[in-house]
Amino acid sequence: MKLIIAKAKVFWGYSIKQPTQTAAQDPIPLPPPTTVLGALASPYAKYLKLPEVVKVNNRNYSTAVKLLLDDVVRYSTSGLMDSTAVKYSDISKNIMLIYQRHKGKEYYFAVQAMGKVYTPTMRESLLLAFIVNKDTELMSKLCWGITAIGNKEGLISVYDVATYDLKLIENTNQLIETPFITPSRIARCEAGCVEIDLCTLSTDSYISGKVCTKEPYLIPVYREVKDLYGGSMSVMVGKGASIVEVPLETGKTYLLIPKEVVEL
Numbered sequence: 004m005k006l007i008i009a010k011a012k013v014f015w016g017y018s019i020k021q022p023t024q025t026a027a028q029d030p031i032p033l034p035p036p037t038t039v040l041g042a043l044a045s046p047y048a049k050y051l052k053l054p055e056v057v058k059v060n061n062r063n064y065s066t067a068v069k070l071l072l073d074d075v076v077r078y079s080t081s082g083l084m085d086s087t088a089v090k091y092s093d094i095s096k097n098i099m100l101i102y103q104r105h106k107g108k109e110y111y112f113a114v115q116a117m118g119k120v121y122t123p124t125m126r127e128s129l130l131l132a133f134i135v136n137k138d139t140e141l142m143s144k145l146c147w148g149i150t151a152i153g154n155k156e157g158l159i160s161v162y163d164v165a166t167y168d169l170k171l172i173e174n175t176n177q178l179i180e181t182p183f184i185t186p187s188r189i190a191r192c193e194a195g196c197v198e199i200d201l202c203t204l205s206t207d208s209y210i211s212g213k214v215c216t217k218e219p220y221l222i223p224v225y226r227e228v229k230d231l232y233g234g235s236m237s238v239m240v241g242k243g244a245s246i247v248e249v250p251l252e253t254g255k256t257y258l259l260i261p262k263e264v265v266e267l
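Take the sequence shown: its letters are residues 4 to 267, numbered as in our numbering.
Structure below.
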């Protein structure tokens with residue numbers, strides 16, 4: 004089992020929304036674990052010539068589920084090295100015909116606030132983390148093929164991919180700094196974080212036509228200005244967590260993962 008860290012430049016930002024949202028879409032500040040896995044699934048599916056949808060037990064799934072079902076990727080998450088992400092909504096003209104009972108042309112369009120997240124500078128790195136159980140060399144190469152996060156206009160450019168042995172630190176009940184989105188069930192926020200409900204990283208989150216099951220996650224936020232997301236947060240490690248040491252050029256940091264990820 005290995006840790007892969009892909010570092011990417013964000014051109015303008017990204018747009019990632021909670022499932023079932025239509026109007027007044029509130030963006031998710033940082034790419035959640037399910038979206039990060041989906042970003043890797045795109046080059047994975049192209050390499051293996053997989054279809055966009057796969058059928059498992061007579062149910063349709065996004066092809067991203069193959070990474071979980073085949074036990075290739077055990078865990079994924081993201082972080083932003085500095086607090087530069089800002090949520091923003093601008094007005095867009097959207098096609099609304101499919102949501103309307105009235106089919107007259109006056110109902111074709113509507114004005115909605117479309118949520119996005121802007122990162123003001125390309126100097127800051129988006130960190131994409133993967134705990135990989137098999138095919139490590141292939142997954143490391145495919146990380147270079149990640150070109151977007153969230154919707155297709157959220158273009159990113161991967162400039163570095165590093166693979167590490169999984170270095171676990173077993174001490175719990177300690178305070179650590181981490182830039183990575185972390186499940187609330189394995190850590191307690193001490194400073195510089197907000198709690199947001201996100202889809203769980205499980206196969207059920209990729210079933211077509213089904214709303215995912217959510218759980219609370221901690222997301223880093225700037226401690227002085229709560230509207231700036233990213234950077235590191237201080238969390239107290241819980242009993243259900245394993246601590247993974249992550250080397251970066253700015254010094255080592257830590258990634259908290261559920262213990263079952265490495266105990267399966």
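Every residue, glycine too, gets a C-beta built ideally from N, C-alpha and C.
Report the start-end ranges of each alpha helix (DSSP H) in the segment 56-93 that is 4 residues or longer and not cut off at the edges. With a minimum length of 4 residues, the continuous alpha helix (DSSP H) runs that stay inside the segment 56-93 are 68-72.
Bounding residues of the alpha helix (DSSP H) (the contiguous stretch that carries Leu51): Segment 36-51, the alpha helix (DSSP H) holding Leu51.
Where Lys119 falls, given that 16 or more other Cβ within 10 Å makes a residue buried: Its Cβ being crowded by 16 or more others within 10 Å, Lys119 is buried.
Can you give the Cα-Cα distance for Trp15 and Lys58, rounded to whole angstroms? Distance between the alpha carbons of Trp15 and Lys58 is about 35 Å.
Alpha carbon of Leu83 to alpha carbon of Lys213, nearest angstrom: Computed Cα separation, rounded: 30 Å.
Under the three-state DSSP convention, the category Cys196 falls into: The answer is strand: DSSP assigns Cys196 an E or B state.
Would you identify the three-state DSSP class for Lys10, choosing helix, strand or coil? In the structure shown, Lys10 sits in a strand (DSSP, three-state: E or B).
Would you report the Cα separation of Ile134 and Leu231, rounded to the nearest angstrom? Each residue's Cα considered, the two are about 27 Å apart.
As assigned by DSSP and simplified to three states, the class of Met4: When secondary structure is reduced to three states using DSSP, Met4 falls in the coil class, being assigned neither helix nor strand.
Are Thr296 and Glu180 close, meaning C-beta to C-beta below 7 Å? Outside the shown range of the chain (4 to 267) lies residue 296, about which nothing can therefore be said.
Which residue from Lys49, Cys215, Pro182 puts its Cα closest to that of Ala88? Closest option to Ala88, Cα to Cα, is Pro182.
Over what stretch of residues does the alpha helix (DSSP H) that includes Lys217 continue unbroken? Counting along the chain, Lys217 falls outside any alpha helix (DSSP H), though it belongs to the beta strand (DSSP E) covering 217-223.
Count the CB pairs spanning the segment 30-42 and the segment 150-160 that are closer than 8 Å, and state whether there are at least three. They touch, by the three-pair rule.
Would you list the one or two residues that DSSP bridges to Gly118? The partner list for Gly118 (beta bridge, DSSP) reads Ser92.
Continuous alpha helix (DSSP H) stretch holding Leu131: start and end: Annotation: Leu131 is outside any alpha helix (DSSP H); the continuous beta strand (DSSP E) that includes it extends over 129-135.
Within the same chain, show all residues whose beta-carbon is closer than 6 Å to that of Ser79, passing over the 5 residues directly before and after it, in chain order. The beta carbon of Ser79 sits closer than 6 Å to the beta carbons of Pro36, Val39, Leu40, Phe133 from its chain, once the five residues preceding and following it are set aside; these are given in chain order.
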